[in-house]
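The next block holds one structure in the form of structure tokens; read it before the comments.
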Amino acid sequence: MTVRVERDGTIVTVTIERPAVRNALDPATIDRLIAVFDELGSDPHARAIVLTGAGDTFCAGGDLQWMRDSLVLDDAANHADLQRLAILFERVWRCPRPLIGRVNGVAIGAGAALVACCDLAVAADHSRIGFSEVRIGLVPAIFARFVVPKIGVGHARALFVSGEWITPERAFEIGLVHAVVARSDLDQTVRDLARRCLAGAPGAIATTKRLLDMLAGDDPTAAAATLTTLADVRRGSEAQAGMQAFFARRPPPWIEKG
Numbered sequence: 000m001t002v003r004v005e006r007d008g009t010i011v012t013v014t015i016e017r018p019a020v021r022n023a024l025d026p027a028t029i030d031r032l033i034a035v036f037d038e039l040g041s042d043p044h045a046r047a048i049v050l051t052g053a054g055d056t057f058c059a060g061g062d063l064q065w066m067r068d069s070l071v072l073d074d075a076a077n078h079a080d081l082q083r084l085a086i087l088f089e090r091v092w093r094c095p096r097p098l099i100g101r102v103n104g105v106a107i108g109a110g111a112a113l114v115a116c117c118d119l120a121v122a123a124d125h126s127r128i129g130f131s132e133v134r135i136g137l138v139p140a141i142f143a144r145f146v147v148p149k150i151g152v153g154h155a156r157a158l159f160v161s162g163e164w165i166t167p168e169r170a171f172e173i174g175l176v177h178a179v180v181a182r183s184d185l186d187q188t189v190r191d192l193a194r195r196c197l198a199g200a201p202g203a204i205a206t207t208k209r210l211l212d213m214l215a216g217d218d219p220t221a222a223a224a225t226l227t228t229l230a231d232v233r234r235g236s237e238a239q240a241g242m243q244a245f246f247a248r249r250p251p252p253w254i255e256k257g
């Protein structure tokens, strides 16, 4: 089981459950998350959703074996592989229910993007968040559609270009998370927030979220463009060299020696 779904009345907790690999996403986990969000989005008994990871990690991004396998994919398979990831973020972003991120540790790459897709996010004070794609020759193309509306182009530039991890306090300052609490207070804070979301009418909340997307100028053509960008980059020489260096635990070729 890669994803656990638990219900407490009308509050549903979705947990990425791969603690041995820090809850990294692989194709099976991605497909399961898509199915879960499809189901919950049309379930009238799911009034608020909490997204989190098992253990002390939220989500460490892409699974390493999945990344290794991607090195040998042809163009068509590479595009299809990334299409599933794009669908996942589309489903999470457009979830009609209030979605609360319970950030219980590291959230990197795809994990950080999942945080950005949440309507509200509460981070434990030991968490770290970042987008490290450029450090291995990749680009956060699919993620950018969801991160930029949350924190703005300026903050996104700083995070994406540097590839640095930030503290939850900094994530709060730029609007990526909405509260930072002690680890011991995380569960109670998230529960209280979920219960407060139940005060809103379900239809009104769903309509409000669609309205916000419209006002933000959500461009339906951007999904295909960002997917194509990442597919092209992942097949390119920089990404191939960067990922191979990462797996070999050596610096990528663009790092100056000495």
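By numbering that gives the first Met the number 0, the letter at position 31 of the sequence shown is numbered 30, and the numbering carries on one by one without gaps.
Glycine included, every Cβ here is placed at the ideal spot set by N, Cα and C.
Boundaries (first-last residue) of the alpha helix (DSSP H) holding residue i
i	result
LEU39	26 to 40
ILE86	74 to 92
ASP212	201 to 214
GLU5	Element bounds for GLU5: not the alpha helix (DSSP H) but the beta strand (DSSP E), 2 to 7.
THR220	Note, THR220: premise wrong, no alpha helix (DSSP H); not H, not E.
VAL121	That residue, VAL121, is in no alpha helix (DSSP H); its beta strand (DSSP E) goes 119 to 123.
VAL189	185 to 196
ALA240	236 to 247
Three-state class that DSSP yields for residue i in the structure shown
i	result
ALA59	coil
VAL138	coil
ALA111	helix
GLY129	strand
THR166	coil
GLY54	coil
VAL152	helix
VAL105	strand
Range covered by the beta strand (DSSP E) that runs through residue i
i	result
VAL102	98 to 102
ASP178	The sequence given here places Ala at residue 178; Asp does not occur at that position. Unbroken beta strand (DSSP E) run through ALA178: 178 to 180.
ILE10	10 to 15
With 16 other Cβ atoms within 10 Å as the buried cut-off, status of residue i
i	result
ARG96	buried
PHE88	buried
SER131	buried
TRP253	exposed
ASP218	exposed
HIS44	exposed
Beta-carbon proximity of residue i to residue j, cut-off 8 Å
i	j	result
ASP74	ARG234	yes
ILE10	VAL2	no
PRO251	ILE150	no
- Item | At least three beta-carbon pairs within less than 8 Å, the stretch 115 to 126 to the stretch 91 to 105 | yes
- Message: Would the stretch 136 to 146 count as touching the stretch 213 to 228 if we require 3 or more Cβ pairs under 8 Å?
- Response: yes
- Query: Touching or not, the stretch 56 to 74 and the stretch 106 to 120, by the rule of three or more beta carbon pairs under 8 Å?
  - Reply: yes
- Task: Pair every Cβ in the stretch 60 to 72 with every Cβ in the stretch 240 to 247, then say whether three or more of these pairs are closer than 8 Å.
- Result: yes
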